[in-house]
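Chains as they are written, first to last, in the working numbering: chain A, 1 to 505; chain B, 1 to 486; chain C, 1 to 173; chain D, 1 to 341; chain E, 1 to 100.
Think of the CB as a built atom: it goes at the ideal place given N, C-alpha and C, for glycine as much as any other residue.
In structure tokens:
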């Protein structure tokens, strides 16, 4: 263990390093080259700082670590309360891991208004980390909303043709949904007088919240709607394909890699943490929705002519697994869900980067305009295959572990869910491999594709870490899972009690 | 009532209790007197500077009031306590910002500066007085001072037809509303035999509330509702805002509203006005909904912000429906935040619209992010605050209001409000989208930001962020002030 | 009895004047009926004992404000009111609705509020006593009205002066 | 009994007033004639004394023309409004102290109210409608311009007029004309009467005088009916009895103004009393009449000697000179009274 | 003896007429006169209530209302003149550059 002062400050540090960088960039002169390097440096600094977390994390220990709790605003009683457990720690690291890659991948593709781009990117990083480390509901909401604007601007300014439509749609969907969460948070505050997650949790479990019995279901829904839109869960997913297709590569990477996890993380932390009973009662239809999401996402992905849209729909499908795992209320399910979050972050992030690389060369995502790309771009094809396989869930790669755990959890909860969910794995193999085949194999159908340059050094540097991470996560999942486990156990504790109550009756 | 003896005169401290008003009027008169003496070409700059000094002196005077013991003055006509000082500071600060914004505007529009600045200061006198008055007739006169000066200012661009039209509409509907307010005062006088708010409160608390008092409150509410542009008394707002000079719209959409809300707070809470809840409930819900729906289809940014101000009046009224302990501070905080962000918005607009107020459609804002990054960034900040995004004052404002409503178990109203703020996000976003994501049709250059406007933007931007990051102090102050009111 | 008949007589003039104001289509006729209303209101004030108010009512309202109105009507040579489709609808809906509704509400309320009747000059408002109130208890409002009047004068000058005169001034200087 | 006395008083007052009006016309013609080195009326009666009767008969028998395109109701009403308001203001003006006739003591005044001055002001301020409506309803540009000028002029000068009176009000502390006169009784050092004009209200009297000229549209402020520019101003289109009404109103207003001047500034009916009791009863009336005569003479004198102002001069004189002067007078008077007390 | 409610009813009637006039009249000046009528109605209730409560302050209020009305009239008529200058009409339906 390091010095206690560093432990107290490390989360703040990790959170605000990117913001500090962004502020510096604001006043910096408009020299694109230096700005890129500076942004890379800042994001790397953030990544290395965040490595402090897993290194010194007490893995066996449940509960929150690195806690920092200072009063911020006296009325209402808002605290600057941060802390992480095994789940959120990895999400923080995932964020800081992906950001430098985003910087790298945007090196050339962003050439207009470079300064603003990196400012927005770094602000977004701060907000994302903030979401995962906040233990004060208010602080959480604060960061949650703060992710919106930089993301919307990234899509809207740097995106493709229909960027404005996509940005507005993204903004409105999430904005409207999170307003419900705000209402629920306000209600909790009005009744308990605090925003502190732990305090509210204790109050609810102790039955000290007046009117909770009646309002509980609505509160659950309030939170759930906000998270479900973010995930996105089946009927409210329509913003996602648009946002992904129109976003610049870095935007897509962070969107798929981290932003969607905010939703599942929220479900895990708040829906399960605060409303175990309501979660249990609502689990049935949520799981059904999740399964619909898995299958629907996969089926739609299969027929997509657009590469990026395909990956986007695959995200819907994968995130369905996460929700399925979370609402199975089993150790395996939750472990798996958390792991899928991380794995999906890495592999889908990488997929979007790869798609972006192709786009830089051809300025289209249309699958039909490729074909036989493996010939001119062998290294690229190799990376793509590797990541595709990881995403499909090939054993010994990262996708497999999580999906396996989720499915076993789902089987424990109810066999039919597990069985239906398992079809998703097959579907994903179908559409991803079919896509791979269409893009890379066969003859080169368009002559322009013949002269496509292969990956350059910068792109390789951006891709290697994801490939390595995918491999390590597949080979040694315990490195991650041993930290996740205690956290999941804590999260499941009330469900065990509930179950025993049911049994006792 | 027997007339008191004429021998007693007001004490010294009583003059301190109207010090901001005295300072503002004195500077207004100085400007009027200097106007014919100074060179016409440089008058705008010079008189503007004097007006600015005047408003700063008024801010200082309001600050000085905090040093003095609270109390009443002029035989219970005004009461200066934390509550009034809060609104004094809001009003005087807005006045200063508006004057800063006007420097350039007056030059560009070639308007005569003397009366303009004097009217702004005199209007501020009325608004300050409104927030400290505890007697209905004085409130009425103060209301008229602020209204009449804004009627005139709205029509200040006399050569332009829409400015005069805006003025005449504002004038007719405003006077109409005033008449309602006055009738309410008369009936309240009839119901309780007094026009002093404290005495009215005593009387209404003491015995059964006469039917007349309900009617009186309703009529007064109608009158004041007109002034704050609450639905269904809002129809004048878009027209007036569209036609009036942009800095003045910034002025009249914030300072008089703040003052009228102060009056409403006093009348409704201190006078223990009967049967206020359902009335406010309906008006708040209507204002939020109509304002937001109206704003959705607007293409003129001034009209858009007019509808938005209707919606914000609705949000603010939600706080009125809540319990006094949390509702009053929430309303006060909202007033301050709203003043900061709205006056900032109009500062940007008044600069961008330039001569003749030509560039006021949303289309004109296309590509502003590229053409003038600072202008676009500040406008974005204010718009985000109007949406209610965290780290801006608008967020905490909404937050306090809705949590106050929830504490009073007004779940329905809160849900309406929350849904509305989600709807509202759309049209503010349209502006931001225009600025950053659309290419302009023609690359007309945007004039560089002059010093005065820069200062105005800095002040309002700082206030917006300050209220968004460290709302604690302001809220604590509002809370202590609200405790005095009850 | 005399009191009541005087009240009714002038009250009738008042009411008739008010209705005439609505019915007349030429603004000058409306203005004259408004003057009639004001003068007969002054008489009602006299009945209530407010003789000073009555005199001031005639001087200020009838003698100054309405003169301004008449003056402006003459200056602008305002013609007969035009009737446009919309206005007729307002007429049909407006008059009966408003009148019946408001009168009914007012009547019911006032009957129920249990007010007593007043005798002639029950509260004589002598100028001296009113002055006492005005310059002591209501000193602040009184002083503040000076600001109001100042604004009004300034506004009238600003708005009514011809717009071109201003630019000329600027050029000359 | 009270009603009967009032009726008698009203009749007497009206007869007196109308006679005074008629003969002030005669006086004007005579005096102006002499000023201009002419004789004035001489034919009808001795010294032309019956001229007013002849004039009256002529007005009555002339054909009453109503031009086309006039707005008839107001065209007819306007002169009536003028004359009615001009005549009613006499109701509250006392022409002397109380008098005992047949054992009944009654004030020489139709209605003794304690806000008399305000009522006079109120009624005279209504007089402007007659002129304004006459000009407007005639539908003639001369009339309209004349009446616009007239109403602007009257409204403007009313302010100076009213302000000049406030000094007097401060001195006497009452609105009642009778009390104002009573406050002016007695003398300083035995020979200077305590009239308001000698109590420091000289400036006020001057302002009053100027404003009164303007209010009655008399030379040098007779712009509204300036023959050389506007034919006859607001009564261009009027003839016969309707014209006579305006004429009567103008002179009645002059007399009212003269009465007020005497009452407020010149000590009203105060003057040396001597002789038997019946004489002492009637002498005040005589003193009062003398003052009015003097005032009317001044009016005519000025008409005979001074040229007409230009309209902008008239306005700037009113607003930029008389008005500030009146305020200064008011402030100084108030200060002096306050310091004395 | 006249019941106070008669006065108040008259005042209410005048006020209502004013409101009606405001709504149905088309000429700006007439609309403005309707507002003056409303104020007159209010004044009558002030004086009547003053008699009821034996509070002279009710009469004092009337003076303030009159001052305000005078100020409003000055400004209002100036505005009307300004509008007439630019639009050459006094009909509210034709003063329509701004859509309502």
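In the DSSP assignment, residue 105 of chain D forms a beta bridge with D:100. For residue 149 of chain B, at least one C-beta of chain C is nearer than 8 Å to its own C-beta. Here the alpha carbon of residue 64 of chain C sits roughly 35 Å from the alpha carbon of residue 232 of chain B. Using beta-carbon distances, residue 385 of chain B does not count as an interface residue toward chain E, since no partner is under 8 Å. Under the Cβ criterion of 8 Å, residue 134 of chain B is not counted among the residues facing chain E. Setting aside the 5 residues that flank it on each side, residue 296 of chain B is surrounded in the same chain by 426 and 427, each with a C-beta closer than 7 Å to its C-beta; the list follows chain order.
Between residue 27 of chain E and residue 27 of chain C, the CB-CB gap stays under 8 Å. Note that the C-beta distance between residue 171 of chain D and residue 201 of chain D is below 8 Å. Those residues of the region 149 to 164 of chain C placed with their C-beta closer than 8 Å to a C-beta in chain B are 150, 151, 152, 154, 155, 157, 158, 159 and 163, ordered along the chain. Residue pairing by DSSP places residue 78 of chain B opposite B:73 and B:133 in a beta bridge. At a C-beta separation below 8 Å, residue 136 of chain C has no neighbours in chain E, since its nearest C-beta there lies roughly 11 Å away.
Put simply, the region 153 to 162 of chain C does not touch the region 213 to 221 of chain D. Fewer than three CB pairs are less than 8 Å apart.
When Cβ-Cβ separations below 8 Å define contact, residue 9 of chain C makes no contact with chain E. Apart from the 5 residues on each side of it in sequence, residue 309 of chain B sits with its Cβ closer than 7 Å to the Cβ of 229, 237, 253 and 342 in its chain, given in chain order. Within its own chain, the residues whose Cβ lies closer than 6 Å to the Cβ of residue 57 of chain B, once the five positions on either side in sequence are excluded, are 23, listed in chain order. Residues of the region 11 to 31 of chain C that bring their beta carbon within less than 9 Å of a beta carbon in chain D comprise 26, 28 and 29, in sequence order. In this chain, the alpha helix (DSSP H) harbouring residue 130 of chain D covers 116 to 137. Where residue 65 of chain A is concerned, the enclosing beta strand (DSSP E) starts and stops at 65 to 73.
DSSP places residue 335 of chain A in the helix class (H, G or I) of the three-state scheme.
The secondary-structure analysis by DSSP pairs residue 361 of chain B across a beta bridge with B:300. As for any alpha helix (DSSP H) of minimum length 4 sitting wholly inside the region 17 to 98 of chain B, the runs are 19 to 34 and 40 to 67, ordered along the chain. Residue 409 of chain B and residue 21 of chain B have their C-alpha atoms spaced approximately 40 Å apart. With respect to the 8 Å criterion, residue 129 of chain B and residue 144 of chain C are classified as neighbours on the basis of their beta carbons. Comparing alpha carbon positions, the residue from A:167, A:79, A:184 and A:97 closest to residue 403 of chain B is A:184.
For residue 142 of chain C, the nearest beta carbon of chain D is not closer than 8 Å to its own beta carbon. Proximity to residue 165 of chain A across B:454, B:284, B:483 and B:437 peaks at B:437, based on C-alpha coordinates. DSSP places residue 235 of chain D in no beta strand (DSSP E); its state is neither H nor E. If the five residues before and after residue 397 of chain B are omitted, its C-beta is found closer than 7 Å to the C-beta atoms of 333, 334, 337 and 338, all from its own chain and listed in chain order. Per DSSP, residue 71 of chain D lies in no alpha helix (DSSP H) and is assigned neither H nor E.
Judged by DSSP in its simplified three-state form, residue 84 of chain A adopts strand. The residue among A:9, A:29 and A:122 with its C-alpha nearest the C-alpha of residue 67 of chain A is A:9. Close to residue 52 of chain C, with beta-carbon spacing below 7 Å, are these residues of chain D in chain order: 115. Residue contact check for residue 152 of chain B against chain E: a CB pair falls below 8 Å. The alpha helix (DSSP H) runs lying completely inside the region 364 to 441 of chain B and spanning 4 residues or more are 368 to 371, 373 to 387, 393 to 407 and 411 to 437, given in chain order. The CB of residue 47 of chain E comes closer than 7 Å to the CB of 45, 48, 50 and 53 in chain C, given here in chain order. DSSP places residue 458 of chain A in the uninterrupted alpha helix (DSSP H) bounded by 457 to 475.
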